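Working notes, structure below.
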Amino acid sequence: MLLKFPRFLAAVMLAVFYCGTAVSAPKDEIVFALDEYAKKSVKQGVPGASLAVIINGNIRLLRGYGVTKVGGKQRVNSATVFPLASISKTFTSGVTSILVAKGLIEWDTHVVPYLEDIEFSDPELGKVVTLRHLLSHTTGLVPQAYSDLLEDNIRYTRILQILDRVKFVCDPGKCYGYQNIVYNLSADMLALAAGQDFPTLVKELVFIPLRMNHASFGLDEFKNEPNRVVPHVKVKSGYAAVKPEPYYYRVPGAAGVNASAQDLAKWMLAQFGHYPSVIRPSSLEIMHKPHIRANQYRYRAKLSNVYYGLGWRTFDYRGITGFVHHGGWVKGIRTEMVFNPVTQTGMVFLTNSETDVAREIVLEFLELYRKHIVRKEN
């Protein structure tokens, strides 16, 4: 009987875990508080949300809240799929690190002439732009170049034909300017380096080895997923469902990934170095290293030393260093992922609504971290 007990106990703990209740242990204050925060948000009108919490390198909470669509009966759970929007950028930098480790491309490979059809408005400055510049938003080009055209349903290939009209506002590497179209050039470079299309590349190098079983690329795969959310926008009566927009899916390296909280919990563990056969610790250091000060950031008033790394933002909070973050927004959807790799503690929050709760829960996590991680360790 004694030999069977550990298996029984493990089964019970696993069942409790997937029901969304954290197993009692030190520092569960963060888990309980975030769980209550998400519950309260849904009670106050947010249609649905999904939350993952990792403490000291252990997944401590996976849980869904609310419904996938207002007026519907399908509940959100930790396997429910959301469009990730700009969190997709983190996968592009991750795959870059894998291909760099394989010797197929370098961080400082120049965009021109690697991509033969790309031309810049200033050919001399254009010659300087590298893959590293793309991933750190330091190409020097006007920020958000042609994102408006993408939202007007102009084809990506057509936009690239007029990329040479975008002006440089500084030399490459000297200033920060967030991009979507330009960022996706990195995906084009990786596809060329590996000899296969970018979504397939990410699936084979990241999704499959990390067992991100619900992760996918593109609008069609999102629509074909039975356990998925419907986006919602704010209206006078609360929230109204809308159709998922197709435009940012056209730049898969910038905003093409769909995934669940379960998937992103595994992606966070990879950021903590738990899967060195997928992403090397030395590569993580490069991606998480601050590269350029990033003043255009909605959390900036609450934070300090805000920088962009390679596919990730970095910052300090009230004297605590080393936080890594990325968020995403597309019509009717908000996504957030924040962690501190030093203590291997972080949070994923996904919601099928345009709500400030997504921003506020990040700040809530940071304050809880300060109170329950730093204070106890000191």
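Just so you know, the sequence shown maps onto residues -24 to -1, 1 to 354 in mature numbering (1 follows the signal peptide of the UniProt record, and there is no 0).
Heads up, the beta-carbon is just placed ideally off N, CA and C, and yes, glycines get one too.
A quick note: this is a predicted structure, and the numbers were derived from the prediction, not measured.
Could you tell me the distance, in whole angstroms, from the CA atom of residue i to the CA atom of residue j?
{"i": "Leu286", "j": "Lys265", "result": "8 angstroms"}
{"i": "Leu27", "j": "Val88", "result": "41 angstroms"}
{"i": "Arg346", "j": "Glu201", "result": "38 angstroms"}
{"i": "Trp288", "j": "Val300", "result": "6 angstroms"}
{"i": "Lys210", "j": "Ala216", "result": "6 angstroms"}
{"i": "Val227", "j": "Asn32", "result": "34 angstroms"}
{"i": "Gly40", "j": "Leu260", "result": "29 angstroms"}
{"i": "Glu343", "j": "Met263", "result": "25 angstroms"}
{"i": "Pro220", "j": "Tyr251", "result": "33 angstroms"}
{"i": "residue 367", "j": "Ala61", "result": "The structure shown does not extend to residue 367, since the chain spans only -24 to 354, so no value can be given for it."}
{"i": "Gln247", "j": "Met323", "result": "12 angstroms"}
{"i": "Ala(-3)", "j": "Ile6", "result": "Annotation note: pLDDT 38 at Ala(-3) (below 50); position unreliable, coordinate value reported separately. Their Cα atoms are separated by approximately 10 angstroms."}
{"i": "Ala170", "j": "Val22", "result": "42 angstroms"}
{"i": "Ile184", "j": "Lys212", "result": "43 angstroms"}
{"i": "Glu92", "j": "Thr66", "result": "25 angstroms"}
{"i": "Gln320", "j": "Ile349", "result": "11 angstroms"}
{"i": "His302", "j": "Lys49", "result": "31 angstroms"}
{"i": "Leu339", "j": "Lys143", "result": "36 angstroms"}
{"i": "Gly298", "j": "Ile268", "result": "15 angstroms"}
{"i": "Arg36", "j": "Ala9", "result": "13 angstroms"}
{"i": "Pro99", "j": "Leu139", "result": "12 angstroms"}
{"i": "Asn316", "j": "Tyr293", "result": "11 angstroms"}
{"i": "Leu161", "j": "Asn34", "result": "35 angstroms"}
{"i": "Val104", "j": "Lys150", "result": "12 angstroms"}
{"i": "His113", "j": "Lys307", "result": "23 angstroms"}
{"i": "Ile337", "j": "Tyr13", "result": "7 angstroms"}
{"i": "Ser97", "j": "Arg141", "result": "6 angstroms"}
{"i": "Met313", "j": "Ile30", "result": "11 angstroms"}
{"i": "Lys16", "j": "Val145", "result": "44 angstroms"}
{"i": "Phe325", "j": "Lys242", "result": "14 angstroms"}
{"i": "Val18", "j": "Val218", "result": "18 angstroms"}
{"i": "Ile130", "j": "Phe341", "result": "39 angstroms"}
{"i": "residue 356", "j": "Gln20", "result": "There is simply no residue 356 to check, as the chain begins at -24 and stops at 354 in what is shown."}
{"i": "Tyr90", "j": "Thr115", "result": "16 angstroms"}
{"i": "Asp332", "j": "Tyr224", "result": "21 angstroms"}
{"i": "Leu38", "j": "Gln155", "result": "32 angstroms"}
{"i": "Ser69", "j": "Asp4", "result": "32 angstroms"}
{"i": "Phe198", "j": "Asn328", "result": "14 angstroms"}
So what does DSSP say about residue i, is it helix, strand or coil?
{"i": "Tyr251", "result": "coil"}
{"i": "His348", "result": "helix"}
{"i": "Gly304", "result": "strand"}
{"i": "Asp84", "result": "coil"}
{"i": "Asp4", "result": "helix"}
{"i": "Val233", "result": "strand"}
{"i": "Glu312", "result": "strand"}
{"i": "Tyr293", "result": "strand"}
{"i": "Ser97", "result": "coil"}
{"i": "Ile337", "result": "helix"}
{"i": "Ser280", "result": "strand"}
{"i": "Val18", "result": "helix"}
{"i": "Ser26", "result": "strand"}
{"i": "Gly102", "result": "helix"}
{"i": "Leu37", "result": "strand"}
{"i": "Leu342", "result": "helix"}
{"i": "Ile135", "result": "helix"}
{"i": "Arg256", "result": "coil"}
{"i": "Leu326", "result": "strand"}
{"i": "Ile130", "result": "coil"}
{"i": "Leu117", "result": "strand"}
Write down the C-beta distance between residue i and residue j rounded to the nearest angstrom, noting that I regard them as a contact closer than 8 angstroms.
{"i": "Asp147", "j": "Leu101", "result": "6 angstroms"}
{"i": "Leu136", "j": "Ile94", "result": "7 angstroms"}
{"i": "Pro175", "j": "Leu195", "result": "Rounded, the Cβ-Cβ distance is 12 angstroms, inconsistent with contact."}
{"i": "Ala25", "j": "Gly42", "result": "6 angstroms"}
{"i": "Val178", "j": "Val57", "result": "Not really, about 15 angstroms apart at Cβ, beyond 8 angstroms."}
{"i": "Ala270", "j": "Val282", "result": "5 angstroms"}
{"i": "Val233", "j": "Ala191", "result": "7 angstroms"}
{"i": "Tyr132", "j": "Tyr284", "result": "Tyr132 to Tyr284, Cβ: 23 angstroms. No contact."}
{"i": "Ser64", "j": "Ala167", "result": "Their Cβ separation, rounded to whole angstroms, is 15 angstroms, which puts Ser64 and Ala167 out of contact at 8 angstroms."}
{"i": "Thr205", "j": "Thr311", "result": "Note on residue identity: the sequence assigns Val, not Thr, to residue 205. About 11 angstroms; that fails the 8 angstroms criterion."}
Cβ of residue i within 6 angstroms of any heavy atom in the ligand ZN?
{"i": "Gln247", "result": "In the structure shown, the ligand ZN is absent, as is every other ligand, since no ligand is present at all."}
Determine, for residue i, whether the minimum Cβ-Cβ distance to residues of chain D falls below 7 angstroms.
{"i": "Trp83", "result": "The chain labelled as chain D is not found in the depicted structure, where only one protein chain is given."}
Checklist entry - Going along the chain, which unbroken runs of the alpha helix (DSSP H) with 4 or more residues stay wholly within the segment 149 to 231? => result 157 to 170, 174 to 178, 194 to 199 and 228 to 231
Checklist entry - Enumerated in chain order, which unbroken segments of the alpha helix (DSSP H) with a length of 4 residues or greater are wholly contained in the segment 43 to 82? => result 64 to 77
Next on the checklist: Could you check whether the segment 77 to 93 touches the segment 102 to 109, counting it as contact only if at least three pairs of C-beta atoms, one from each stretch, sit closer than 8 angstroms?
Outcome noted: yes
Next on the checklist: Below 8 angstroms, how does it come out for the segment 120 to 134 and the segment 69 to 77: are there three or more Cβ pairs, yes or no?
Outcome noted: Here the segment 120 to 134 does not lie against the segment 69 to 77, with fewer than 3 beta-carbon pairs under 8 angstroms apart.
Checklist entry - If you pair each beta-carbon of the segment 40 to 56 with each one of the segment 224 to 244, do three or more pairs fall below 8 angstroms? => result yes
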